[in-house]
Amino acid sequence: MKNSLSLYLVMGSQDCPHQNPVEILEEAIAGGITCFQFREKLSGKTGIEIIRLGRQLRQICADHQIPFIANDRVDLGLILEADGIHIGQDDLPAYEVRKLIGPRRLLGVSAKTPAEAHKALQDGANYIGVGPMFTTSSKLDASAPIGPKAIEHIRQELPDIPIVGIGGITTERAGQVISAGADGVAVISAITKSSSPYEVTKNFCRQIAITKKEKNKMIMD
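If you're matching positions, the sequence shown starts at 1 in the UniProt record's numbering and goes up one per residue.
The following block contains the structure:
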């Protein structure tokens with residue numbers, strides 16, 4: 001699970017002003033993303049259009065063995081045969097979602113505190129998303145940044161829980177999030193609004209690998 005979180009792309013058509021979501025996903029996979037979350041919000045698409053796009057993206061992920069996660073909507077996730085669902089604190093309770101999706105699908109839960117992380121684990125979460133790390137424009141309802149320190153606090157209490165940091169993460173900031181204890185970073189606009197999603201994704205992978213190597217060296221020393 002932790003390896004799958006290394007570079008986690010979150011995207012819907014509303015995040016892609018310059019390029020088709022299908023093309024962006026293909027470039028990002030070629031560049032090295034390890035997980036994808038379909039997050040279609042306020043795009044104006046009809047239900048049929050969302051399902052059609054979701055199936056295209058789902059097939060691309062399946063072809064490359066990339067986990068495909070549906071955001072919030074259990075119904076959409078089941079229709080698309082998603083590998084998992086990611087929910088926030090204000091969505092359906094995690095334990096209810098776990099009952100609906102069964103034991104095999106992945107369940108991700110957003111958490112800001114050790115208490116929320118504990119509860120997510122108890123309710124059946126496989127991983128948690130912590131954020132926003134920094135100021136972000138990708139989510140209109142995003143709360144104030146909590147910073148990488150929030151990951152440190154959760155990691156101290158839950159040393160083994162898979163964690164992905166999200167919110168305003170750029171290639172320059174990815175190292176801070178990994179150093180704080182995250183297993184990976186989730187990215188939206190840094191990739192989707194780039195003129196070259198492939199190159200940006202490669203740069204993220206490079207920075208994440210460097211930081212993880214430095215962390216492992218410090219542990220060994």
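For glycine and all other residues, C-beta sits at the position ideal for the given N, C-alpha and C.
Simplified DSSP assignment, three categories, for residue i
{"i": "LEU25", "result": "helix"}
{"i": "SER179", "result": "helix"}
{"i": "LEU57", "result": "helix"}
{"i": "SER4", "result": "helix"}
{"i": "ILE87", "result": "strand"}
{"i": "LEU9", "result": "strand"}
{"i": "GLY184", "result": "strand"}
{"i": "ILE169", "result": "coil"}
{"i": "SER195", "result": "coil"}
{"i": "LEU121", "result": "helix"}
{"i": "SER110", "result": "strand"}
{"i": "ILE163", "result": "strand"}
{"i": "LYS215", "result": "helix"}
{"i": "LYS41", "result": "coil"}
{"i": "PHE204", "result": "helix"}
{"i": "ALA209", "result": "helix"}
{"i": "GLN14", "result": "helix"}
Residue interval of the alpha helix (DSSP H) (run including residue i)
{"i": "residue 225", "result": "Because the chain here runs from 1 to 221, residue 225 falls outside it and cannot be looked at."}
{"i": "GLY77", "result": "74 to 79"}
{"i": "LEU100", "result": "94 to 101"}
{"i": "HIS153", "result": "149 to 157"}
CA nearest to the CA of residue i, picked from the options
{"i": "PRO132", "options": "ASN126, THR211, ALA174 and LYS99", "result": "ALA174"}
{"i": "LYS193", "options": "ALA115, PRO21 and LEU5", "result": "PRO21"}
{"i": "THR211", "options": "ASP90, SER179 and ILE146", "result": "SER179"}
{"i": "LEU76", "options": "ASP15, ILE50, GLY184 and ALA62", "result": "ILE50"}
{"i": "GLY129", "options": "GLU96, GLY167, GLN122 and THR135", "result": "GLY167"}
{"i": "VAL97", "options": "ILE48, GLN122 and HIS18", "result": "GLN122"}
{"i": "ASP183", "options": "ALA209, ILE146, ARG73 and SER137", "result": "ALA209"}
{"i": "LEU42", "options": "LEU53, GLN56, GLN14 and GLU26", "result": "GLN14"}
{"i": "MET11", "options": "GLU81, PHE38 and GLU27", "result": "PHE38"}
{"i": "ARG105", "options": "GLN156, VAL74 and SER189", "result": "VAL74"}
{"i": "GLU199", "options": "PRO17, ILE24 and LYS99", "result": "ILE24"}
{"i": "ASP72", "options": "LYS99, LEU107 and ASN216", "result": "LEU107"}
Residue i and residue j closer than 7 Å at C-beta
{"i": "THR171", "j": "ASN203", "result": "yes"}
{"i": "ALA70", "j": "ILE60", "result": "no"}
{"i": "PHE36", "j": "LEU7", "result": "no"}
{"i": "LYS2", "j": "PRO162", "result": "yes"}
{"i": "SER110", "j": "GLY88", "result": "yes"}
{"i": "PHE68", "j": "ASP91", "result": "no"}
{"i": "ILE66", "j": "ILE29", "result": "yes"}
{"i": "VAL177", "j": "PRO159", "result": "no"}
{"i": "THR201", "j": "ILE191", "result": "yes"}
{"i": "LEU80", "j": "GLY54", "result": "yes"}
The beta strand (DSSP E) enclosing residue i, as first and last residue numbers
{"i": "ALA70", "result": "68 to 71"}
{"i": "residue 224", "result": "Residue numbering for the chain in the displayed model covers 1 to 221; residue 224 lies beyond these limits and cannot be assessed."}
8 Å contact criterion, which residue i and residue j should meet: CB distance rounded
{"i": "ILE154", "j": "GLY165", "result": "At roughly 10 Å, the Cβ-Cβ gap does not stay under 8 Å, so ILE154 and GLY165 are not in contact."}
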